[in-house]
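All residue numbers for the sequence shown refer to full-length UniProt numbering, where the first residue is 1 and numbers rise by one.
Glycine included, C-beta positions come from ideal geometry on N, C-alpha and C.
Read through the structure below, which is laid out as structure tokens, and then see the notes.
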Amino acid sequence: MATGNIPGFIDILYNLEDSSVEQPSWVQLMAANNRRLELYGDDTWLRLFPGAFKRSDGTTSFYVTDFFEVDDNVTRHLDGRLAALHDWDLLILHYLGLDHIGHVQGPHGDAMPTKIREMDIVLGKIVSVLNSSTNDWLLVLTGDHGMSDQGSHGGSSFPELTTSMILISPKFKNQKTSMCTIDGEVFEAKSDQTDLATMMGLLTGVGIPAGSIGVPPLRVLQTFWPQPFHRYAILLELLEHLRKLTKCTDAACDHEFLTSSDVVKLDQLHSEISSLVRLCSATVPPHPACDRMATEMEKVTAQVVNLLTAFQRRTLLHTNNKIAGGLVGFICLVMAAISLSFLVPGIRDILNWEEHSSLKPSHRQRALAYTLLAVNSLLALLLHLFSLTASSLIEEEHQTWYFLATTNCFALLLVLALSVRDGGSSCSSIICVTFVLCLDRFLLKLLNQTGDKWLHLPDLTDWLEEHSLFLWMAQSLAWTGILLTRGLLALFTGRFSRLHLRTMLSLIVVALTQLVYRIAVHAAEPNRMHLSSSSWTSLLLPARLAFLALAADLAVCLWFSFRLVAWSNDLRTSSPLLSTTSCEGWELPSPVHTLALLACLLGRTTSVLLWTGVMIKEILLARVFHTEFAALGSSSPQARSKLIYFIVMLYWMEGWATFFQQGNSNKFSTVDMAAGYVGLSGHSHILSTIMVLFYTYAGPLFWQLSLYFRYILNYGINKRVLGSETRRSHVRNSVVTFSLGFLTLATTVSAVVCLFFHSHLFIWSVFAPKLFFMAAYCCVSIPVYILMLAF
């Protein structure tokens, strides 16, 4: 909007920084020409254009849970500045309330009508004061982005890309058509956001920003430059700008965004218009050719606008298509080699049949079953990699993960059922897996719609938010389920059950603080538009208490787990203490579950329903697999190895299934930015980014950390799982490198797809966002994997 140029895709990261705009902009041009600029509102303007504003009062744009104070800080300056019209040339009022309401409640939120009425009153006051002025004036009403039905932006859907630009000025009184009427002075212009920079540069007389590809709306040219000579002078300025932009100064020019006929037309129009302007600039005597100005003015104007528009459209379609293909291709090859080096040892272990003949018949059958499960999971994940080459499958990737996770759980159920028939597995394991399948099918996948084609359809979360009574009942049941689950696990820990009760107390505190936080936010919702600053700040206390409770719960769970492991390592099987305990590892109060409770706090009210189901799923699957390891004993390391690899792949699938069940997708519009501001009184780049990244990737992180905690970290408890200490190190390295292999291979495939499809219609709306999400997850998870290898 300021430069008239197209930002790069990676600029989503640069926008978070405080650096100023280096490209020429109409704001800087006005400041350089001693125009008096004032800003009230979003302080992003102050960071982008330091020193450009004579007066300013910036408000942080990142504290998205504030609906009131961000706009009150703007409106309180309005009366004073409107009373001093002679004191400024440009007044920028950047209101943030509508954007914040959209992020938190969506475009149809309860606070939206009140806020729109407030903005209407502000607009009416401005128009009323300007109408009483004797000077020419122009009011530009626009937004910097649109909004999806989920209340976010950054994606490629029409609602996210579309925003209105309304121009209000007395000069539009003579226009025949307009969008609506306020004393006949409203004119609506449908154009590209880049057009604003060119239009502002021309209207203010400071010149067009050097890199702008914008085209001023045709009726703006007709309205503000009705006189032929002035119109031709503006058209000449536009053509000279295009010549500088394309470096086309003659008809022999060759430019990728201009056809040969366009180049000829550019040279012809520039020659004719410049000649007319030069001939007619003298006051007396008028040249006979000047008569053509009036008769051909509209025709020539349309020709210039059409030429500029053609150049703009081609530029927009081909922006950033120039890439260093050789360098990117080499990087992709290196990444592919790294991925294969991680995966090949695991694949070799899965397909290794050498020791099968030496196993007991019962163990041989189990090893064969686990091998089939692992091979099936491996083929499924490879199939997913092929799906990354299709735009429609990326848009609906959640369906792929739901199918893969459900299919592999069902395959596990079949293996357990056949094993029960042969006297191998217990019926309780079958019940556990069946319950996991029911949770996925009938609750978790119904909570949040995601993807592209069905994202607009109502889901269970929408229904619960419309029926607050059922929402609070569901939330209470969810917390009750979490408490009962941990309480029941305490019954299985033998002599450690008394220690386990301490984790129950910490969990009760977590539940109470989070419920208090939800009640406080719910109570503030109806009156949020009228909260005072002190009242709004007081709502931060419950959130911060909830954070403290989570920290305490994490500490208690870690203390309990490591103390139990230490006792187990010291006493081993010769100790009476271990002989009297039945603790096998899956009953432990996992510290990873505290991270799930953190996701409950950062997310929407209904997120506790999702994470309750996810935690129960993880506990049940851990019980099933620990039971299988117990049945294998220590005499079949190969069968244990096959089972471990299957668990790694199943947990990988469950992690991404949870990612999409949370409402995420491969669109930036589904990223919940509000998660980055829970408990914060102001914006912090580091804290906000960490919380948004954690909440977005909470699903994959939860399952990967659970895999490490249940089967590797608690060596003393999981000795039947891992065998010797040497075996533990081998399994740890195999699990981490195998997971890293899937991560890097999926990222590599996404990068290769972007390389080959860089001219594809959906490169920036589908393929590039997918690569961005995978790259961001690499940044989040690779440090975690490194810590796993270290411990």
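#1: From H100, T400, L218, pick the residue whose C-alpha is nearest to that of W656; which is it?
#2: In the DSSP output, what is Y40 paired with across the bridge?
#3: Out of curiosity, what's the CA-to-CA distance linking F547 and L598?
#4: Just to confirm the assignment, what range does the alpha helix (DSSP H) spanning M691 have?
#5: Should G4 and S212 be called a contact, given that it needs their Cβ atoms to be closer than 7 Å?
#6: What are the boundary residues of the beta strand (DSSP E) that includes T223?
#7: Determine which residues share a DSSP beta bridge with L141 and list them.
#8: Nearest to L414 by alpha carbon, out of L372, L443, S392?
#9: Taking a contact to mean a Cβ-Cβ separation below 7 Å, would you say L539 touches A549 in this structure?
#10: Determine the direct distance from the alpha carbon of H94 to that of R292, and round the result to whole angstroms.
#11: Tell me whether F311 is buried or exposed, calling it buried when 16 or more other Cβ atoms sit within 10 Å of its Cβ.
#12: In terms of DSSP beta bridges, what is L258 paired with?
#13: At what residue ranges does the segment 377 to 410 contain a whole run of the alpha helix (DSSP H), taking only runs of 4 or more?
#14: Taking just the CA atoms, how far does V215 sit from H530?
#15: Below 8 Å on the Cβ atoms is my contact criterion, and I expect C557 with T485 to pass it. Report the Cβ-Cβ distance as a whole number of Å.
#16: Look at the alpha carbon of K770 and the alpha carbon of L385, and state the distance between them as a whole number of angstroms.
#17: Would you report the Cα separation of L279 and C290, rounded to the nearest angstrom?
#18: Ends of the alpha helix (DSSP H) at V215?
#19: Would you mind sorting N664 into buried or exposed? The rule is 16 or more other CB atoms within 10 Å of its CB.
#20: Rounded to the nearest angstrom, what separates Y785 and A405 at their Cα positions?
#21: Buried or exposed: where does A367 fall if 16 or more other Cβ atoms within 10 Å of its Cβ makes it buried?
#22: Is it buried or exposed for T670, if we count other Cβ within 10 angstroms and need 16 for buried?
#23: In the structure shown, what three-state DSSP assignment does V656 receive?
#24: With a cut-off of 8 Å on the beta carbons, I'd call F410 and L437 a contact; round off their distance for me.
#25: DSSP on K299, reduced to helix/strand/coil?
#26: From the DSSP output, in three-state form, read off E587 for me.
#27: Applying the 10 Å Cβ sphere with the 16-neighbour rule, what's the burial state of N448?
#28: For P591, count the other beta carbons within 10 Å of its own beta carbon; 16 or more makes it buried, fewer makes it exposed. Which is it?
#29: Only counting the same chain, and skipping five residues up and downstream in sequence, which positions put a Cβ closer than 6 Å to that of G143?
#30: Thinking just about the alpha-carbon of each residue, which of G741, D57, I350 is nearest to the one in L78?
#31: Does W652 pass the burial test, meaning 16 or more other C-beta atoms within 10 Å, or should it be called exposed?
#32: Within the continuous alpha helix (DSSP H) that includes Y785, where are the two ends?
#33: The alpha helix (DSSP H) with V433 in it runs from where to where?
#34: Using the Cα positions of R314 and N306, report the straight-line distance between them to the nearest angstrom.
#35: Express the C-alpha separation of A374 and L620 in angstroms, rounding to a whole number.
#36: Pick helix, strand or coil for L501, following the three-state DSSP scheme.
Looking at the coordinates:
#1: T400
#2: D57, L93
#3: 8 Å
#4: 685 to 696
#5: yes
#6: Segment 218 to 224 is the alpha helix (DSSP H) holding T223; no beta strand (DSSP E) there.
#7: I166
#8: L372
#9: no
#10: Rounded to whole angstroms, R292 to H94 spans 44 Å at the Cα level.
#11: Buried is the label assigned to F311, since at least 16 other Cβ atoms lie within 10 Å of its Cβ.
#12: H255
#13: 391 to 395
#14: Low per-residue confidence applies at H530: pLDDT is 48, beneath 50, and the placement is therefore not dependable enough to give any value.
#15: Not confirmed; about 14 Å, so no contact.
#16: Here the alpha carbons of L385 and K770 stand approximately 12 Å from one another.
#17: 7 Å
#18: Under the DSSP assignment, V215 falls outside any alpha helix (DSSP H); it carries neither an H nor an E label.
#19: buried
#20: 22 Å
#21: buried
#22: buried
#23: Looking at the sequence itself, residue 656 is Trp, so the reference to Val does not match. If DSSP states are grouped into helix, strand and coil, W656 belongs with the helices.
#24: 7 Å
#25: helix
#26: coil
#27: buried
#28: buried
#29: Only T163 meet the Cβ criterion.
#30: Cα-wise, what sits closest to L78 is D57.
#31: Buried, since its Cβ has 16 or more Cβ neighbours within 10 Å.
#32: That run of the alpha helix (DSSP H) goes 768 to 790.
#33: 427 to 439
#34: In this structure, the alpha-carbon of R314 lies about 12 Å from that of N306.
#35: 20 Å
#36: helix
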